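**Student:**
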Amino acid sequence: MSTVYSHSRLSSFEQCKQKFQFRYLLEIPEDSEGVEAFVGKRVHEILERLYQFVGRDQVPSLRRVLERYDAEFDQHYDAERIRIVRTEFKRDYYHKLGADCLSRFYRRYYPFDQEETLGLEHHVLFDLDHAGEYRVQGFIDRVCRTKDGTIEIQDYKTGKWVPSRKQLDMERQLALYQLGLAGEYGTEQPMRLVWHYLARGQTRTSSRTPEQLDTLRRDTIALIDEIEATTDFPAQKSNLCNWCEYKKICPAFDGVPPESPS
Numbered sequence: 100m101s102t103v104y105s106h107s108r109l110s111s112f113e114q115c116k117q118k119f120q121f122r123y124l125l126e127i128p129e130d131s132e133g134v135e136a137f138v139g140k141r142v143h144e145i146l147e148r149l150y151q152f153v154g155r156d157q158v159p160s161l162r163r164v165l166e167r168y169d170a171e172f173d174q175h176y177d178a179e180r181i182r183i184v185r186t187e188f189k190r191d192y193y194h195k196l197g198a199d200c201l202s203r204f205y206r207r208y209y210p211f212d213q214e215e216t217l218g219l220e221h222h223v224l225f226d227l228d229h230a231g232e233y234r235v236q237g238f239i240d241r242v243c244r245t246k247d248g249t250i251e252i253q254d255y256k257t258g259k260w261v262p263s264r265k266q267l268d269m270e271r272q273l274a275l276y277q278l279g280l281a282g283e284y285g286t287e288q289p290m291r292l293v294w295h296y297l298a299r300g301q302t303r304t305s306s307r308t309p310e311q312l313d314t315l316r317r318d319t320i321a322l323i324d325e326i327e328a329t330t331d332f333p334a335q336k337s338n339l340c341n342w343c344e345y346k347k348i349c350p351a352f353d354g355v356p357p358e359s360p361s
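And the structure:
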């Protein structure tokens, strides 16, 4: 098997097989981007840059951080390409949302000396099986070591929804990243999964036992097997369809898709 899987690829298949086919099999390019994803990218970029400066003992002021955010937002924002589904909100609302996310995070963690940063946008590529047939990759927003020696796998979220404890304890993405980091730091290294819900100014944490990680490994292999065996890719309607970049060509909405791959 040559395909390298990611959490996004797996989730796309689970949410809508038609979208999975359009994106990963037909590789139809996205001609637009949801404003929520756009804001998320800009905030992630600024936080990565912030910690790069922190690593050089050059902590910028909040004013400078927000000035950089404003510049990046204005430079990349294209009204013809950015989709705003919730039309009751305009560009300025989303611009302020990102600025508020950054301001809350900055004020909460300044001067950013709580942990030692080990990696920013850290790439992990690892095997789920001994034969190397099932490969997974991902990019971790921030990897750090706390003062008690625990390695944290940190993820930034700019959406306003905060999952329940039960949902986070079942979350797959960061747990997969833990499997990847175990190859770098060892399976005995204590690790913690951390989500920063920036729009709410809240942080949530979770941990995984070795048994839970083994179950995750087996379940992910089974899901990959299902994907590889799938030949029919029907659309699955949901509230997420309004945010889908392929809605206009989706047969579920009377669109005309391109030819399916052989």
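Residue numbering for the sequence shown follows our numbering, beginning at 100 and increasing consecutively.
We put the beta carbon where it would ideally sit given N, CA and C, even for glycine.
Being a predicted model, the structure only gives us computed values, none of them experimental.
At 4 residues or longer, and completely inside the segment 228–310: list those alpha helix (DSSP H) runs for me, N to C.
**Tutor:** Qualifying alpha helix (DSSP H) stretches, in chain order: 264–268 and 272–284.
**Student:** Within a Cβ cutoff of 7 Å, which residues of the same chain sit near V223, ignoring the five residues on either side of it in sequence?
**Tutor:** Excluding residues within five positions, the ones whose Cβ falls inside 7 Å are Q236, G237, I239, Y276, G279 and L280.
**Student:** With a CB to CB cut of under 7 Å and the five nearest residues on each side skipped, what residues in its chain are close to E129?
**Tutor:** Here the set comprises E344.
**Student:** Going by the beta-carbon positions, is the gap between I320 and L227 smaller than 8 Å?
**Tutor:** Against a cut-off of 8 Å, the Cβ pair of L227 and I320 comes out as a contact.
**Student:** What residues match up with D226 in a beta bridge as DSSP calls it?
**Tutor:** For D226, which the question treats as bridged, DSSP gives the partners R234.
**Student:** What does the alpha-carbon distance come out to for the pair G258 and L165?
**Tutor:** Going from the Cα of G258 to the Cα of L165 covers about 19 Å.
**Student:** With a CB to CB cut of under 8 Å and the five nearest residues on each side skipped, what residues in its chain are close to R141?
**Tutor:** Excluding sequence neighbours, R141 sits near Y168, E171, F172, H175 and G197.
**Student:** Could you name the residues of the same chain whose beta carbon sits closer than 7 Å to that of Y205, not counting the 5 residues immediately before and after it, in chain order?
**Tutor:** Closer than 7 Å at the Cβ level, and outside the excluded window around Y205, lie L161 and V164.
**Student:** Quick one: grab the DSSP three-state call for R182.
**Tutor:** Three-state DSSP puts R182 in a strand.
**Student:** Among the residues of its own chain, which have a CB less than 6 Å from the CB of Y150, if the five just before and after it don't count?
**Tutor:** Result list for Y150: T216 and L219, in chain order.
**Student:** Cα-Cα, which of T286, S305, F352 and P357 is closest to V293?
**Tutor:** Checked all of T286, S305, F352 and P357; the closest Cα to V293 is S305.
**Student:** How many angstroms separate the CA atom of D191 from the CA atom of G248?
**Tutor:** Spanning the two alpha carbons is a distance of roughly 42 Å.
**Student:** Measuring CA to CA, which of Y104, Y123, H106 and K189 is closest to F332?
**Tutor:** That would be Y123, whose Cα lies nearest to the Cα of F332.
**Student:** What is the DSSP secondary structure of L217, reduced to helix, strand or coil?
**Tutor:** Looking at L217 - three-state DSSP - the assignment turns out to be strand.
**Student:** Just mark V184 as buried or exposed, buried being the case when its beta carbon has 16 or more other beta carbons within 10 Å.
**Tutor:** That one is exposed.
**Student:** Pick from S337, I323, E135 and Y208: whose alpha carbon is nearest that of S105?
**Tutor:** That would be I323, whose Cα lies nearest to the Cα of S105.
**Student:** Looking only at DSSP bridge pairs, what is Y104 linked to?
**Tutor:** Note: Y104 sits in a beta bridge opposite V235.
**Student:** Between which residues of its own chain and P289 is the CB-CB distance below 6 Å, once the five residues before and five after are set aside?
**Tutor:** The residues are T249.
**Student:** Since L267 contacts R241 with CB under 8 Å, what's their CB separation in whole angstroms?
**Tutor:** Contact doesn't hold; Cβ gap of about 18 Å is too wide.
**Student:** Near S361, what residues of its chain come up, given a Cβ to Cβ distance below 6 Å and the 5 sequence neighbours on each side ignored?
**Tutor:** A caution first: S361 carries a pLDDT of 48, below 50, which makes its placement in the model unreliable, though a value can still be read off. Excluding positions up to five away in sequence, the list is empty.
**Student:** Taking the alpha helix (DSSP H) that Q174 falls in, what are its first and last residues?
**Tutor:** Segment L161 to H175, the alpha helix (DSSP H) holding Q174.
**Student:** DSSP on E132, reduced to helix/strand/coil?
**Tutor:** The answer is strand: DSSP assigns E132 an E or B state.
**Student:** Relative to the C-alpha of M269, which residue among T314, I252 and Q301 is closest?
**Tutor:** Of the listed residues, the one whose Cα sits closest to M269 is T314.
**Student:** Can you tell me whether Y345 is helix, strand or coil according to DSSP?
**Tutor:** Looking at Y345 - three-state DSSP - the assignment turns out to be coil, as it is neither helix nor strand.
**Student:** So, under 8 Å CB-CB, S131 and R182 are touching, yes? Tell me the CB distance rounded to an integer number of Å.
**Tutor:** Confirmed, about 5 Å.
**Student:** Just how far apart, CA to CA, sit R148 and T329?
**Tutor:** Answer to the nearest angstrom: the Cα atoms are 41 Å apart.
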